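Which chain is which? The protein sequence lines are H and A, in order. The first sequence runs contiguously to residue 370 in the numbering used here. The second sequence runs contiguously to residue 370 in the numbering used here. Positions of the beta carbon are idealized from the N, C-alpha and C atoms, including for glycine. Bear in mind that the values here come from a model prediction, so they are computed numbers and not experimental data. Shown next, in structure tokens, is the structure this report addresses.
There are 2 protein chains.
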Amino acid sequence: MVLKDLPRALHHQPSTYALEDQVGHLLRRAHQRHAAIFLEGIGPAALTPMQWAALVTVVREGKASQNRLGRLTAMDPATIQGVVRRLRARGLITRSADPADRRASVLAPTEAGIALVEATLPAAIAISEATLAPLDPAERRIFLKLLQRMAFA
Amino acid sequence: MVLKDLPRALHHQPSTYALEDQVGHLLRRAHQRHAAIFLEGIGPAALTPMQWAALVTVVREGKASQNRLGRLTAMDPATIQGVVRRLRARGLITRSADPADRRASVLAPTEAGIALVEATLPAAIAISEATLAPLDPAERRIFLKLLQRMAFA
DNA sequence: CCTCGATCATTCGTATACAAATGATCTCTC
DNA sequence: GAGAGATCATTTGTATACGAATGATCGAGG
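This is the structure we're talking about:
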């Protein structure tokens with residue numbers, strides 16, 4: 218018995234499981250494509266998508282604890298730790314003791330970090346547009362609305 | 218000058234770059250949510266999404282070289298190597314020499330691998346449905362159509 | 001046949017991703 | 001103000017992900 222006959226055999230229905238049509242596979246491929254566009258389009262800033270997300274969030278917030286930055290960018294504490302370490306190593310953010318909480322440290326952007334975000338913002342906008350290029354404007358609105366619900370449900 | 222004023226200053230337009238609205242961030246969150254649903258729902262098979270993708274593809278194809286399996290599942294050679302190693306270690310697929318090409322090896326499912334796919338297929342289908350649960354049937358069709366174009370453009 | 005570009009698989013290095021465990025500290029409640 | 005449960009950050013271990021380099025082999029053209 219071959220795989221495509223399995224659902225029929227099990228449920229007396231036509232086969233429906235094609236990997237290429239599964240939403241998980243498509244989400245992964247679309248995310249993969251975006252990451253490739255990002256790395257190609259980010260230019261001299263040489264940031265990864267997650268480094269950009271963390272940096273732009275620190276600049277927007279002004280300062281934040283590491284765990285809070287992770288929550289804002291959807292990274293768990295173990296993951297944000299490495300991202301912050303690399304941004305610190307490049308002199309884009311700083312870390313100082315939090316006088317109000319001795320467990321926590323306060324992250325803040327450096328002048329270089331702020332300048333890099335300002336210089337890179339047009340590229341980031343272009344990356345989002347290039348990612349959405351397969352869709353026309355009306356389709357983009359619909360897609361983003363549905364994707365938002367898929368992401369935060 | 219604060220970040221939210223940058224686009225206005227640069228382009229004389231209202232600020233538009235909010236990380237939470239960027240398509241890359243939303244794709245990542247949606248993929249993240251799917252992975253969590255998968256790991257929760259895959260049950261006793263205890264497979265990762267990529268292990269499932271590789272296994273189900275080997276079962277469907279009957280046999281395939283490692284690089285070909287990687288192309289079919291969108292994994293590069295370095296990545297598929299580890300996935301195949303773990304599936305072999307669990308006795309779900311086998312590897313043999315390719316008589317027609319001494320560079321390549323032939324991967325094939327074991328009886329246990331085929332049986333695991335058969336037993337797990339209902340869970341995999343349920344996972345796809347649970348992932349799409351935030352959308353009603355009409356929205357699902359639209360979303361999948363647009364996502365397909367975003368993935369393969 | 002012979003060589004040159006392509007392909008197969010591996011390895012190394014770097015960067016997410018997340019579960020789980022840990023130690024320090026905070027906060028809430030009694 | 002003391003203990004319990006929550007939170008901050010780190011570390012360890014496993015699993016993708018991919019660029020780049022490598023060595024072996026293949027296939028096409030001359």
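Self-check item: Selection of the region 342-370 of chain H by Cβ proximity to chain A, strictly under 8 Å
Solution: Those residues of the region 342-370 of chain H that come within reach of chain A (Cβ to Cβ, closer than 8 Å) are 342, 344, 345, 348, 349, 350, 351, 352, 356, 359, 360, 361, 363, 364, 365, 366, 367, 368, 369, 370.
Exercise. Just mark residue 345/A as buried or exposed, buried being the case when its beta carbon has 16 or more other beta carbons within 10 Å.
Key: For the purposes of this step, residue 345/A is taken as the residue at position 128 of the second sequence. Its Cβ being crowded by 16 or more others within 10 Å, residue 345/A is buried.
Quiz item: Where DSSP assigns a beta bridge to residue 288/H, which residues make up the other side?
Solution: As a first step, residue 288/H is located in the first sequence; it is residue number 71 there, counting from the start. Residue pairing for residue 288/H: DSSP places it in no beta bridge.
Quiz item: Which residues in chain A sit within 8 Å of residue 270/H, going by Cβ to Cβ distance?
Solution: Start at 1 with the first residue of the first sequence, and residue 270/H comes out as number 53. Within chain A, the residues near residue 270/H are 236, 242.
Quiz item: Where in the region 296-334 of chain H do unbroken runs of the alpha helix (DSSP H), each at least 4 residues long, occur, reported from the N-terminal end onward?
Solution: Segments of the alpha helix (DSSP H) lying fully in the region 296-334 of chain H: there are none.
Quiz item: CA-CA distance, residue 354/H and residue 348/H?
Solution: Counting from one through the first sequence, the residue named residue 354/H turns up at place 137. Counting from one through the first sequence, the residue named residue 348/H turns up at place 131. So the alpha carbons of these two residues sit roughly 13 Å apart.
Quiz item: Should residue 360/H go down as buried or exposed, given a rule of 16 or more other Cβ atoms within 10 Å for buried?
Solution: In the first sequence, counting from the first residue as 1, residue 360/H sits at position 143. Only buried fits residue 360/H, as 16 or more other CB atoms lie within 10 angstroms of its CB.
Quiz item: Looking at the C-beta of residue 273/H, does it have a partner C-beta in chain A at a distance below 8 Å?
Solution: Translated into positions along the first sequence, residue 273/H becomes position 56. Yes, contact with chain A.
Quiz item: Is residue 310/A closer than 8 Å to residue 324/A when the C-beta atoms are compared?
Solution: Along the second sequence, one-based indexing puts residue 324/A at 107. Along the second sequence, one-based indexing puts residue 310/A at 93. The answer is yes: Cβ separation under 8 Å.
Exercise. Tell me, please, whether the region 272-282 of chain A touches the region 321-341 of chain A by the rule of three or more beta-carbon pairs shorter than 8 Å.
Key: Touching, per the Cβ criterion.
Quiz prompt | Beta carbon proximity, residue 250/A to chain H, threshold 8 Å | solution = The residue given as residue 250/A occupies position 33 in the second sequence. Closer than 8 Å to some Cβ of chain H, the Cβ of residue 250/A qualifies, so yes.
Exercise. Decide if residue 341/A is buried, meaning its Cβ has at least 16 other Cβ atoms within 10 Å, or exposed.
Key: As a working mapping, residue 341/A is identified with position 124 in the second sequence. The residue is buried, with at least 16 neighbouring Cβ atoms inside 10 Å.
Practice problem: Would you verify that the beta carbon of residue 246/A is, or is not, closer than 8 Å to some beta carbon of chain H? | Solution: Residue numbering aside, residue 246/A sits at position 29 when the second sequence is read from its first letter. Output row for residue 246/A: interface = yes.
Quiz item: Can the beta-carbon of residue 162/H be found closer than 8 Å to that of residue 338/A?
Solution: Residue coverage of chain H in this structure runs from 218 to 370, which leaves residue 162/H outside it and unanswerable.
Practice problem: Quick one: grab the DSSP three-state call for residue 281/H. | Solution: Numbered from 1 along the first sequence, position 64 holds the residue referred to as residue 281/H. Note: residue 281/H maps to strand in three-state DSSP.
Quiz item: chain A partners of residue 266/H, CB-CB under 9 Å?
Solution: If you number the first sequence from 1, residue 266/H lands on position 49. Taking a Cβ-Cβ cut-off of 9 Å, the neighbours of residue 266/H in chain A comprise 241, 242, 245, given in sequence order.
Quiz item: Where does residue 368/H fall in DSSP's three states?
Solution: Within the first sequence, the letter at position 151 stands for residue 368/H. Here residue 368/H sits in helix by DSSP.
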